[in-house]
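Report on the structure given below.
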Amino acid sequence: MKKIFFLRHAKSSWDDFALKDFDRPLTTRGIQDAELMGNFFRSKKIDLDLVLSSPSKRTKETLEHFFSKKTPKLEFIENIYHASLDGILENLYQLPEEIKQVMVVGHNPSMHDATEYLTQKFLNKYPTCALAEVSTEAKWVEFTQGCSVLENFKKPSELR
């Protein structure tokens, strides 16, 4: 059994319009939500084998507050920033079979699209810092539409 966790970055700031999109930091609410969701995740006592993340400032800050003290093995992957569904799947296809639990930290619409594609479950909205837990028996290279089950979908607003 494999588990994939799709985490959308926390709320980012639009205060400085001179900043490039890639360089936008988290807002105070974003920091609080990342810490809240991280506490929820840690309470489940899940041992991730790997975290794949966009290298943007807001995803890095989300990770910093989500994991707080102990970050699992982490790889920043350029193509997760502005990724399409195919881009997200391509990163998963390349994982070795010994990886059983992975988290992908990225942006919308790719987090939303990947979750819906793999599970065939409609999600009305995928807000910032939302976390989907998906499980599958498929090999990484055999991921197809509907090959997974949506085990959990948690939003920060449900924990506040």
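Quick note: the sequence shown uses my numbering, first residue 73, plus one each step.
By construction, the Cβ of each residue, glycine as well, lies at the ideal position given by its N, Cα and C atoms.
The structure displayed is predicted, hence computed values, not measured ones.
Three-way DSSP call (helix, strand, coil) for residue i in this model
| i | result |
| --- | --- |
| THR216 | coil |
| ASN151 | helix |
| THR131 | helix |
| ASN180 | coil |
| ASN224 | strand |
| ARG232 | coil |
Straight-line gap, residue i to residue j (C-alpha atoms, nearest Å)
| i | j | result |
| --- | --- | --- |
| THR143 | LEU135 | 8 Å |
| ARG114 | PRO168 | 25 Å |
| LEU120 | LEU91 | 33 Å |
| TYR153 | LEU164 | 15 Å |
Selection from the options that minimises the alpha carbon distance to residue i
| i | options | result |
| --- | --- | --- |
| VAL123 | LEU190, VAL221, GLY102 and GLN173 | GLN173 |
| SER126 | THR191, PRO228, ARG101 and SER156 | SER156 |
| ARG80 | ASP88, GLY102 and GLU230 | GLY102 |
| GLU214 | GLU150, MET175, GLN166 and ILE118 | GLN166 |
Residues of its chain near residue i, where Cβ-Cβ distance is below 6 Å and the 5 sequence neighbours each way are ignored
| i | result |
| --- | --- |
| THR208 | LYS74, CYS219 and SER220 |
| ASP105 | ALA82, CYS201 and PRO228 |
Expected contact under 8 Å - CB spacing of residue i and residue j to nearest Å
| i | j | result |
| --- | --- | --- |
| THR133 | LEU98 | Per the sequence shown, the amino acid found at residue 133 is Glu instead of Thr. With a Cβ gap of about 5 Å, GLU133 and LEU98 count as contacting. |
| LEU231 | THR187 | Wrong, their Cβ atoms sit about 19 Å apart, outside the cutoff. |
| CYS201 | PRO181 | Between PRO181 and CYS201 the Cβ distance is about 16 Å, and since that is not below 8 Å, they are no contact. |
Chain-order list of residues whose beta-carbon lies under 8 Å from that of residue i (same chain, five-residue window excluded)
| i | result |
| --- | --- |
| GLN192 | GLN217 and GLY218 |
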